[in-house]
Amino acid sequence: MLMAKMQSDFFRDVYEVVRLIPQGRVSSYGAIARYLGSSRGSRMVGYAMNAAHHQIPYVPAHRVLNRNGMLTGKHHFGDPDAMQKLLELEGIQVESDVVVNFEVLFWDPNIELKID
DNA sequence: CGATTGACGTACG
DNA sequence: TCGTACGCCAATC
C-alpha cells in the first residue's frame with residue numbers, strides 16, 4: 028500500500044509552499060529553498076517544479092521565478108508562452124520574459140509564513 | 001556505482 | 001558591471 032513518499036519530503040514541502048503563493052503574486056526558488064532550510068538547495072526547488080506538473084492539487088509553478096524575476100522555466104510548460112500567459116491572467120505584467128515590478132509582487136515565505 | 005546534468009544562487013576576478 | 005567558477009542535492013545516463 029503506501030505509495031506515499033514518491034518524492035523526498037523536501038519536494039512535498041516545496042509544493043505546499045508554492046500552493047500558498049497568492050494569485051497575482053510570485054516567489055523565487057531561492058526564497059522557497061531558504062524557507063525550507065536549504066538556502067543552497069535552490070536547484071532542488073527547480074527540480075521539484077519539474078515534477079510539479081503531475082502533482083495534485085495543481086501547483087502554480089508559473090508563480091515561481093528565479094531571483095532575477097525571469098521566467099527561467101517557461102520552456103517547461105509545454106509551450107514557451109504558457110507561463111507568461113498564466114502570469115498575465117493573474118494581472119502580472121511580463122516583459123522580455125521578466126516579471127514587471129517583481130520586487131513588489133514578490134512573495135517571500137520567510138516573511139509571509141514567518142514563525143514568530 | 002561513478003560521471004553528468006539541472007526551472008539556481010553566491011563568490012570571485 | 002559583467003562573465004566565469006563552484007556548490008547543493010537529486011535524478012538520469
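According to this note's numbering, the residues represented by the first sequence are 28 to 143, in order.
Backbone N, C-alpha and C fix where the C-beta goes; we use that ideal spot for every residue, glycine too.
None of the values given here were measured: they were computed from a predicted structure.
Within 10 angstroms of the Cβ of Q111, are there 16 or more other Cβ atoms? Answer buried if so, exposed if not. The residue labelled residue 111 in the question sits at position 84 within the first sequence. With at least 16 other beta carbons inside 10 angstroms of its own, Q111 counts as buried.
Q.
I need the DSSP call for L98, collapsed to helix, strand or coil.
A. Your numbering for residue 98 matches position 71 in the first sequence. Coil at L98, not helix or strand.
query: Would DSSP call L92 helix, strand or coil?
result: Locating residue 92 in the first sequence gives position 65, where the first residue counts as 1. Of the three classes helix, strand and coil, the one that applies to L92 here is strand, per DSSP.
Practice problem: Measuring alpha carbon to alpha carbon, tell me which of F133, V91, G64 and L63 ends up nearest L113. | Solution: Start at 1 with the first residue of the first sequence, and residue 113 comes out as number 86. Looking at the Cα atoms, V91 is the closest of the given residues.
Whole angstroms are fine: how far does the CA of P136 sit from the CA of E130?
Stepping through the first sequence from its first residue, residue 130 is reached at position 103. Stepping through the first sequence from its first residue, residue 136 is reached at position 109. Answer to the nearest angstrom: the Cα atoms are 14 Å apart.
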